Each structure stands twice: as C-alpha cells, then as structure tokens.
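Visitor: The structure's right below; bear with me while I get my questions together.
2 protein chains.
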Amino acid sequence: MNITEIAELAGVSKAAVSRYFNRGYLSAEKRQAIEKVVEETGYAPNVQAQTLRTRKNRQIGVVIPKLSSESVARVVDGISSVLTDCGYQLMLTNTANDPAKEVEYLELLRHHHVEGVIFSASIFTPDHDRILQNMHLPVVIVGQQYSGCSCVYHDDRGAAAAVTGLMLDRGCRRPGYIGVTQRDRAAGYERRQGFLAAAAAAGVAVREEDMAEGQFTMESGYEKAGELLGRENRPDGLFCATDNIAVGAMQYCREHGLRVPEAVMIAGIGDSPLGRVSAVTLTSAHLYYRTSGEEAARLMLSQLRRHGPISTRSLCLSYQVTERDSTRRNADFRD
Amino acid sequence: MNITEIAELAGVSKAAVSRYFNRGYLSAEKRQAIEKVVEETGYAPNVQAQTLRTRKNRQIGVVIPKLSSESVARVVDGISSVLTDCGYQLMLTNTANDPAKEVEYLELLRHHHVEGVIFSASIFTPDHDRILQNMHLPVVIVGQQYSGCSCVYHDDRGAAAAVTGLMLDRGCRRPGYIGVTQRDRAAGYERRQGFLAAAAAAGVAVREEDMAEGQFTMESGYEKAGELLGRENRPDGLFCATDNIAVGAMQYCREHGLRVPEAVMIAGIGDSPLGRVSAVTLTSAHLYYRTSGEEAARLMLSQLRRHGPISTRSLCLSYQVTERDSTRRNADFRD
DNA sequence: CTGAAAGCGCTAACAG
DNA sequence: CTGTTAGCGCTTTCAG
Numbered sequence: 001m002n003i004t005e006i007a008e009l010a011g012v013s014k015a016a017v018s019r020y021f022n023r024g025y026l027s028a029e030k031r032q033a034i035e036k037v038v039e040e041t042g043y044a045p046n047v048q049a050q051t052l053r054t055r056k057n058r059q060i061g062v063v064i065p066k067l068s069s070e071s072v073a074r075v076v077d078g079i080s081s082v083l084t085d086c087g088y089q090l091m092l093t094n095t096a097n098d099p100a101k102e103v104e105y106l107e108l109l110r111h112h113h114v115e116g117v118i119f120s121a122s123i124f125t126p127d128h129d130r131i132l133q134n135m136h137l138p139v140v141i142v143g144q145q146y147s148g149c150s151c152v153y154h155d156d157r158g159a160a161a162a163v164t165g166l167m168l169d170r171g172c173r174r175p176g177y178i179g180v181t182q183r184d185r186a187a188g189y190e191r192r193q194g195f196l197a198a199a200a201a202a203g204v205a206v207r208e209e210d211m212a213e214g215q216f217t218m219e220s221g222y223e224k225a226g227e228l229l230g231r232e233n234r235p236d237g238l239f240c241a242t243d244n245i246a247v248g249a250m251q252y253c254r255e256h257g258l259r260v261p262e263a264v265m266i267a268g269i270g271d272s273p274l275g276r277v278s279a280v281t282l283t284s285a286h287l288y289y290r291t292s293g294e295e296a297a298r299l300m301l302s303q304l305r306r307h308g309p310i311s312t313r314s315l316c317l318s319y320q321v322t323e324r325d326s327t328r329r330n331a332d333f334r335d
Numbered sequence: 336m337n338i339t340e341i342a343e344l345a346g347v348s349k350a351a352v353s354r355y356f357n358r359g360y361l362s363a364e365k366r367q368a369i370e371k372v373v374e375e376t377g378y379a380p381n382v383q384a385q386t387l388r389t390r391k392n393r394q395i396g397v398v399i400p401k402l403s404s405e406s407v408a409r410v411v412d413g414i415s416s417v418l419t420d421c422g423y424q425l426m427l428t429n430t431a432n433d434p435a436k437e438v439e440y441l442e443l444l445r446h447h448h449v450e451g452v453i454f455s456a457s458i459f460t461p462d463h464d465r466i467l468q469n470m471h472l473p474v475v476i477v478g479q480q481y482s483g484c485s486c487v488y489h490d491d492r493g494a495a496a497a498v499t500g501l502m503l504d505r506g507c508r509r510p511g512y513i514g515v516t517q518r519d520r521a522a523g524y525e526r527r528q529g530f531l532a533a534a535a536a537a538g539v540a541v542r543e544e545d546m547a548e549g550q551f552t553m554e555s556g557y558e559k560a561g562e563l564l565g566r567e568n569r570p571d572g573l574f575c576a577t578d579n580i581a582v583g584a585m586q587y588c589r590e591h592g593l594r595v596p597e598a599v600m601i602a603g604i605g606d607s608p609l610g611r612v613s614a615v616t617l618t619s620a621h622l623y624y625r626t627s628g629e630e631a632a633r634l635m636l637s638q639l640r641r642h643g644p645i646s647t648r649s650l651c652l653s654y655q656v657t658e659r660d661s662t663r664r665n666a667d668f669r670d
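Sequences listed follow chains A and B, in order.
The numbering used here applies: residue 1 is where the first sequence begins, and numbers increase by one.
The numbering used here applies: residue 336 is where the second sequence begins, and numbers increase by one.
Structure representation (structure tokens):
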C-alpha cells in the first residue's frame, strides 16, 4: 500500500495525496475523496521514504548509561511523556556505563538521521567533546553541565551542602563522606564540594581518612561504610552522594550494631523510594529527575522549531531537602 | 556525503561501495581503496535509504506501560543488552498505562517498518487481538501468556502459591490477599489463583472480605491494608501480588502498631530492592525480569533470522522464593 | 488549486 | 568480480 495506489483509488495525483498528509493546498472535494480511501485502507505514509526526502524523521535519539536505575528511569519517563505527546519517537540506546559506547552511539544516532539527541551524561572525555562538536544537530545534555550544548542539570552542590548542613545542625561532630568518582562532575565532584563547603562553613575540619569513593551501588555503600566506620576512631555521620550508597551504609550499621542516627547519622541525595522505606528512613535531598527529563525534552523541541543556527540554553533545577529519621538525633539542636 | 561521492573518490562504482558495506564480492584492491576513503571521510550509509530499499531497518519496536517501574526497567535492560549487541536499535514507546495507546503505538511501529515488536503487555482487549493479528511482523509478548504470538512469561501462579504456602507453613492461620485487577492475567488473575490454590491445599478457607484489589503502588497497598486490617476481626497474614503493594502494607502495619510478622505476616512477589531494605525485610518470590527481557530479545532474533512464516514459541520462566523477616514468626513450624 | 517529473541515497538484478 | 540501471515511496519544485 503506497501513495500511488491511494492516489489511483481516490482518482487524484500522488502530489494531492502528499498534500493531504502535509497540510498543503487541496480542494475540499479531493480532500474528502482521499480521506475516504485512507480510512478504508488504513494507509499511512512510509516513514523511511519521508525521511529520505525530508531528512526529518520525527525521532529523537536518547543515550543513557542504564535503565535499571531509579533516577535514569525517571528522566527517560519525563522525556518520553513530553516527546511522544508532540509526535516524536524515542530511539533509545543504552551504554551500560561504557563511555566508549556513548561516543559510538552518538555517532550511530547521527547516521540514523534522528532530529536531535538527548544525552544523559556522566563523564566527558576528549572523544565526547570531539563528537559533540560535530553532531550538527540539536543536543541536550541532561544531568550534567556542559558548555557548548543545552543542558538541564541539578544544583548538586547546593543539595549536598544543604543535606550536610542539616547533619551538622543535628549535632554531627565529625562528618564523613562516601561518594563516586570526581570525573563524574555532578554526582562526584559537585556533591563532594558541597559537602566540604558545608563542613567548612560550620568550621569543621574534615579528615582525609573520613572520605571514600566507590560505585553507585548499595554494595559499594556497604563496603565503604565498613572502611570508614570499622575503626576505633570513626566519624559520627556519613553524607553519601546517592541514596543507594546511603542505604548500603545503613545496612552496614545495622549489621554491626551501630545505631542510626544515635551513633552514626546518615544522609543521601536523590530521595529514592528505597530511603523512604528503609529500616531507618533516610534524610535526603529530592532532585527533580522526572522534571529534568521533561525540561530536556522541551529544550529539544524549542531547538527543533527554531530556524537558523542552534542556540544553547541551560537550566539548573533546584532541590528539596526532606529530613527523616536517619538524622533525627535527640541532642544538640542548634536552631 | 553519499555513496556516489564515495564511489567517485575511490574511483569505483556505487555498486562496489554498496558491496563493501554488504559483504558482497569485491576484489582486495577495490576493498582497500574504498576502506581508505571511508576512513578519511567518516562516511556511513544513510540508514533511511537502506531501509527504503531493503525494508529492513534494524530497529525493534518496544512497547511498555511505563519505565519508572523496577520490573519494567529490568525487562527493557535485558532486551536492550541482547539486541544492541546484535546491531539492532530500540524504538521505545511508553504508553503510560493507557491500553488505547498500546494499540496506537503498535500501529505506529508497523508504519515505521520496524523489523519486530516486543510488547510488555498487561491487559488484552479485542482491539489488541485485532492489531496483533495484522502486524505482519514478528511480535514477542513479554510478561503475559498470549496465544498467537511468541511470549516469555513467569510462573506467576506457582510463585504466588509457593509464597502463600510458606506463610501458611510459618503459622499463618487466616491469610488475606491484596492484588490488582484480574484483567491483568499474570499479575492479577494468576497470582490470585496461586494464592487461593495454596490456601485450598492447606485446607484453609479464605474469606471474601479478606481479599482486596487495588493498584500497583505502595499507596494502594497501604490503603487496602487499612481496609483489611482495620477491623476487629482481621487476617493474620497478607499475601500481596507485588512487592510495592507489600511494602505499602508494611507501612500501614508499622504506623498502626501491628507487628510484622508476629501480628501480621506479609509477603510479596518480585523480590524488589525495596523489600530487601524495608524496616522488616520482605519475603518474596524473585521473578527473572531481566532474563525475560533477554529471552524475549532472543526469541525476536530467532524469528528475524527465520525465513518463511512466523512460528511462535513460548517460554515460561521459573521463580525463586526468598524468605526474609516478614514471615519469620517464632511459632508453629510445620516442617 | 493541481499534476508531472525529478530526485533523496541506496540495493539488487542484470549483463558483462 | 564489476558497473549500469531501475526503482524503493515520498516530497517538492515547476508549469499549468
């Protein structure tokens, strides 16, 4: 079933049928005749042929590090809700945390002639810079700040500082830190800086030995908590760069008889459901992941609609601290 | 940059370049000449044009009800890992739990000439039957059993019966049930049947008033637990169709002074991380979601490779019960 | 307002 | 083994 057959059935030319689908000039009669045939046959234009001609395919490429992550899933959910409402489809590529694949998929999406790419980034390498310069199509980075592309990111430093500040207010004297690689600018570097800034602001000197870096997992949180807390002389609070890490650290405390928050306060970032149901509920900062996906999609749409050169715009989303039991120690309220 | 330019640069014909990319006959010299030009220019064939010609686009459509769900995310992760390894891309459509959109997207994917569709289904309507008959391309259903298509599903009834049986063994005398609509054959109907079968097998009569149906959420679990447990005369155990529901029910118990498992046992299905960290850890049956995604992808690949008519094959995955604290009552061990 | 005609970039006979 | 050629289904000038 193609446009020629439809044209014949409706007794018009191919061009008329094309115009019917592309809001071109068309007399009411022809419009009706075509409509009738289209409905009878269930015909819809071949998307590939359209793309070949117009170089627009109503597809947006999405590059993510993994799907089975609370935060990423929320981001993609936000993206997909906005984009599909506007008639775009998502071409999803999953890099499984392999930076080399990120570059590969970016390239691949370009060859697929997607109209734009939304990239949930973690770490930028020179390879990334190179290809991002040469995409020649709208790119929106989500979750990280990156000059040269539009991006939507979170106030990671502010959130980390606020949560750490809360711990300090609640009487934490010696805060420790469990984070991720600082090559991850947002979750690694910025949150660490926020932690340090809050400590400094409170006049607390953080010891090098009270800080650790691991992976984004509960297991890693458990392990690093062991390293930090398994000594005579240990921190009485742990700020963790993610809720997953924090929940892992709580497991360690639970299994080793360290009461939370009395012996060790714990707090995280992300406001994951995990922290809301955990044995001791977790103080955390909510980051607007779903919103970040939606905003990234909107930024993409506005770029798609614009004519002329690609202009970049950036958006920093706020956070919302929620205190729960893991920092509610009954002493030393400063405020 | 197109095949003609490459051909000119390499001093060969378009056909030779095409053969270069499609493993056709080609002399070593020409192959080298082309390789050189391709590397210099970074050329890659236009995917749309290839598709238009071959009617194969190396894209697989994926229809899911939502992404921000532990189980669905795991399924999609499994699908994407297998498919991208074989050079396929995913075109992801998110129906936001709207059955009408499922039909719409199935249709849309057909027009996009994807090579196959993997459909994470929940409820089948006559509309579904109609379009599924007329897809004319390989379809794999994941999560539900459906005759007429290949599918990968779980032993929902067996898992529910096993978990319920465990509760009974641990001394539960009056089991209650919180589930979801039975129109969802797998999570609604089958798990309910499993629950009833286990009760019947143990000679326990389940009262109608001890059974409730809600949504797939913690909130719903909380609410329905209130309805079932907020009476004088109440069940001393709740089997929940999903871990989310179970965790919600646990919240209710915690907030209303009902000790788990002493006053009320609770168990679920899915083995979600939530249940592993919750205040009282949750007994549950692990379902192999990620595996189901992988297997669905493999089934798809085998159909894509086959010539001739589409043959359907089905696969039922097993489960694994894990007992945790929510059913560990210190009394009445029967075994 | 309408139709004819020229491709978009590629593949696959077909004839060497 | 290789080049020529005829489209895949559609959009978009360009003349009417």
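Heads up, the beta-carbon is just placed ideally off N, CA and C, and yes, glycines get one too.
Just so it is clear, the structure is predicted and the values come from calculations on it, not from any experiment.
How would you call A/S292, buried or exposed, if buried means at least 16 neighbouring beta carbons within 10 angstroms?
Guide: Within the first sequence, numbered from 1, the residue matching residue 292 of chain A stands at position 292. Buried is the call here.
Visitor: Please state whether DSSP places A/M218 in a helix, a strand or coil.
Guide: Position 218 of the first sequence, counted from the first residue, corresponds to residue 218 of chain A. The answer is helix: DSSP assigns A/M218 an H, G or I state.
Visitor: Is A/Q215 close to chain B, meaning its C-beta is less than 9 angstroms from at least one C-beta of that chain?
Guide: In the first sequence, residue 215 of chain A corresponds to position 215, counting from 1. With 9 angstroms as the cut-off, A/Q215 does not count as an interface residue toward chain B.
Visitor: Would A/A267 be called buried (16 or more neighbouring beta carbons within 10 Å of its own) or exposed?
Guide: Indexing the first sequence from 1 puts residue 267 of chain A at position 267. A/A267 comes out buried.
Visitor: Return the residues of the region 410-432 of chain B that lie within a Cβ-Cβ distance of less than 8 angstroms from chain A, sorted by chain order.
Guide: Listed by position along the chain: V411, D412, S415, S416, T419, Q424, L425, M426, L427, T428, N429 and A431.
Visitor: Out of curiosity, what's the CA-to-CA distance linking B/G610 and A/S220?
Guide: For this step, residue 610 of chain B is matched to residue 275 along the second sequence. For this step, residue 220 of chain A is matched to residue 220 along the first sequence. Using only the alpha carbons, I get a separation of about 19 angstroms.
Visitor: For B/K401, go through chain A and note every residue whose CB falls closer than 8 angstroms to its CB, in chain order.
Guide: For the purposes of this step, residue 401 of chain B is taken as the residue at position 66 of the second sequence. Within chain A, the residues near B/K401 are D77.
Visitor: What is the rounded straight-line gap between the Cα of B/D606 and the Cα of B/Q367?
Guide: Against the second sequence, residue 606 of chain B aligns to sequence position 271. Against the second sequence, residue 367 of chain B aligns to sequence position 32. Computed Cα separation, rounded: 54 angstroms.
Visitor: Tell me whether B/T339 is buried or exposed, calling it buried when 16 or more other Cβ atoms sit within 10 Å of its Cβ.
Guide: For the purposes of this step, residue 339 of chain B is taken as the residue at position 4 of the second sequence. Exposed is the call here.
Visitor: For A/E115, would you say it is in contact with chain B, using Cβ-to-Cβ distances shorter than 9 angstroms as the test?
Guide: Position 115 of the first sequence holds residue 115 of chain A. Not closer than 9 angstroms to any Cβ of chain B, the Cβ of A/E115 fails to qualify, so no.
Visitor: Less than 8 angstroms between C-beta atoms, sequence neighbours within five positions excluded: which residues of the same chain meet that for A/G24?
Guide: Taking the first sequence and counting its residues from 1, one reaches residue 24 of chain A at position 24. Counting only Cβ-Cβ distances below 8 angstroms, and skipping sequence neighbours, we find S18.
Visitor: So, does the CB of A/M218 fall closer than 9 angstroms to a CB anywhere in chain B?
Guide: Numbered from 1 along the first sequence, position 218 holds the residue referred to as residue 218 of chain A. It does; some Cβ of chain B falls within 9 angstroms.
Visitor: In chain A, which residues lie less than 8 angstroms from B/S613 when you measure between Cβ atoms?
Guide: Start at 1 with the first residue of the second sequence, and residue 613 of chain B comes out as number 278. The answer, in chain order, is V277, S278 and A279.
Visitor: Where are the alpha helix (DSSP H) runs, 4 residues long or more, that stay fully inside the region 406-448 of chain B, in chain order?
Guide: As far as the region 406-448 of chain B is concerned, its whole alpha helix (DSSP H) runs of at least 4 residues are 434-446.
Visitor: Count the other CB atoms, across all protein chains shown, that sit within 10 Å of the CB of B/T376; report buried if there are 16 or more and exposed otherwise.
Guide: As a first step, residue 376 of chain B is located in the second sequence; it is residue number 41 there, counting from the start. Per the 10 Å Cβ criterion, exposed.
Visitor: Would A/A267 pass as an interface residue toward chain B - the criterion being a Cβ-Cβ separation below 9 angstroms?
Guide: Looking up residue 267 of chain A in the first sequence gives position 267. With 9 angstroms as the cut-off, A/A267 does not count as an interface residue toward chain B.
Visitor: Is there at least one Cβ from chain B nearer than 9 angstroms to A/S69's Cβ?
Guide: In the first sequence, counting from the first residue as 1, residue 69 of chain A sits at position 69. Answer yes: the Cβ-Cβ gap between A/S69 and chain B drops below 9 angstroms somewhere.
Visitor: A/Y251 touches chain B at which residues, Cβ-Cβ below 8 angstroms?
Guide: Here residue 251 of chain A corresponds to residue number 251 of the first sequence, with the count starting at 1. The amino acid occupying residue 251 of chain A in the given sequence is Gln; Tyr does not appear at that position. Here the neighbours are V612.
Visitor: So, for B/Q655: in the same chain, excluding its five sequence neighbours on each side, which residues have a beta-carbon less than 6 angstroms away from its beta-carbon?
Guide: Position 320 of the second sequence holds residue 655 of chain B. So the list reads H621, once near-sequence residues are dropped.
Visitor: Quick one: is A/C316 buried, meaning 16 or more other Cβ sit within 10 Å of its Cβ, or exposed?
Guide: For the purposes of this step, residue 316 of chain A is taken as residue 316 along the first sequence, with counting starting at 1. The residue is exposed, with fewer than 16 neighbouring Cβ atoms inside 10 Å.
Visitor: By the 9 angstroms beta-carbon criterion, what residues does the region 37-49 of chain A contribute toward chain B?
Guide: So the list reads G42, A44, P45, N46, V47, Q48 and A49, given in the order they occur along the chain.
Visitor: Go ahead and pull the three-state DSSP assignment for A/E323.
Guide: What you label residue 323 of chain A is simply residue 323 of the first sequence in a count that begins at 1. DSSP places A/E323 in coil when its eight states are reduced to three.
Visitor: By the criterion of Cβ-Cβ separation under 8 angstroms, what are the contact partners of A/V260 in chain B?
Guide: Counting from 1 along the first sequence, the entry for residue 260 of chain A is found at position 260. Within chain B, no residue comes near A/V260; the closest Cβ sits about 12 angstroms away, beyond 8 angstroms.
Visitor: Can a CB atom of chain B be found closer than 9 angstroms to the CB of A/T51?
Guide: Counted from its first residue, the first sequence places residue 51 of chain A at position 51. Yes - at least one Cβ of chain B is within 9 angstroms of the one on A/T51.
Visitor: Report the rounded CA-to-CA distance for A/A186 versus A/H154, giving the unit in angstroms.
Guide: Taking the first sequence and counting its residues from 1, one reaches residue 186 of chain A at position 186. Taking the first sequence and counting its residues from 1, one reaches residue 154 of chain A at position 154. Distance between the alpha carbons of A/A186 and A/H154 is about 8 angstroms.
Visitor: Note down, in chain order, every chain B residue with its Cβ under 9 angstroms from the Cβ of A/V337.
Guide: An answer regarding residue 337 of chain A cannot be provided, because it is not within the stretch 1 to 335 covered by chain A.
Visitor: Can you tell me whether DSSP reads A/A15 as helix, strand or coil?
Guide: To locate residue 15 of chain A, count along the first sequence from 1; it is residue 15. Helix at A/A15.
Visitor: Could you tell me the boundaries of the beta strand (DSSP E) in which B/H489 lies?
Guide: Against the second sequence, residue 489 of chain B aligns to sequence position 154. Per DSSP, B/H489 belongs to the beta strand (DSSP E) from S485 to H489.
Visitor: Tell me, please, whether the CB atom of A/Q59 is closer than 9 angstroms to any CB atom in chain B?
Guide: On the first sequence, residue 59 of chain A is found 59 positions in, with the first residue counted as 1. Output row for A/Q59: interface = yes.
Visitor: Across which residues does DSSP place A/V142 in a beta bridge pair?
Guide: Indexing the first sequence from 1 puts residue 142 of chain A at position 142. DSSP, once it has assigned bridges, lists A/S120 and A/V152 as partnering A/V142.
Visitor: Would you report the Cα separation of A/M218 and B/S646, rounded to the nearest angstrom?
Guide: Locating residue 218 of chain A in the first sequence gives position 218, counting from the first residue. Locating residue 646 of chain B in the second sequence gives position 311, counting from the first residue. Distance between the alpha carbons of A/M218 and B/S646: 43 angstroms.
Visitor: Quick one: which unbroken beta strand (DSSP E) runs of 3-plus residues sit fully inside the region 220-271 of chain A? Chain order, please.
Guide: Entirely contained in the region 220-271 of chain A, the beta strand (DSSP E) runs reaching 3 residues are, in chain order, 237-240 and 265-269.
Visitor: Which residues in chain B sit within 7 angstroms of A/L111, going by Cβ to Cβ distance?
Guide: For the purposes of this step, residue 111 of chain A is taken as the residue at position 111 of the first sequence. Position check: residue 111 of chain A holds His in this sequence, whereas Leu was assumed. The contacting residues are A379 and V382.
Visitor: Using CA coordinates, which residue listed in B/R640, B/N665 and B/A581 is at the minimum distance from B/K391?
Guide: For this step, residue 391 of chain B is matched to residue 56 along the second sequence. Answer by Cα proximity: B/R640.
Visitor: So, is the C-beta of A/G229 closer than 9 angstroms to a C-beta in chain B?
Guide: Here residue 229 of chain A refers to the residue found at position 229 of the first sequence. A small fix is needed here, since residue 229 of chain A is Leu in this sequence, not Gly. Not closer than 9 angstroms to any Cβ of chain B, the Cβ of A/L229 fails to qualify, so no.
Visitor: So what does DSSP say about B/V539, is it helix, strand or coil?
Guide: Counting from 1 along the second sequence, the entry for residue 539 of chain B is found at position 204. Note: B/V539 maps to coil in three-state DSSP.
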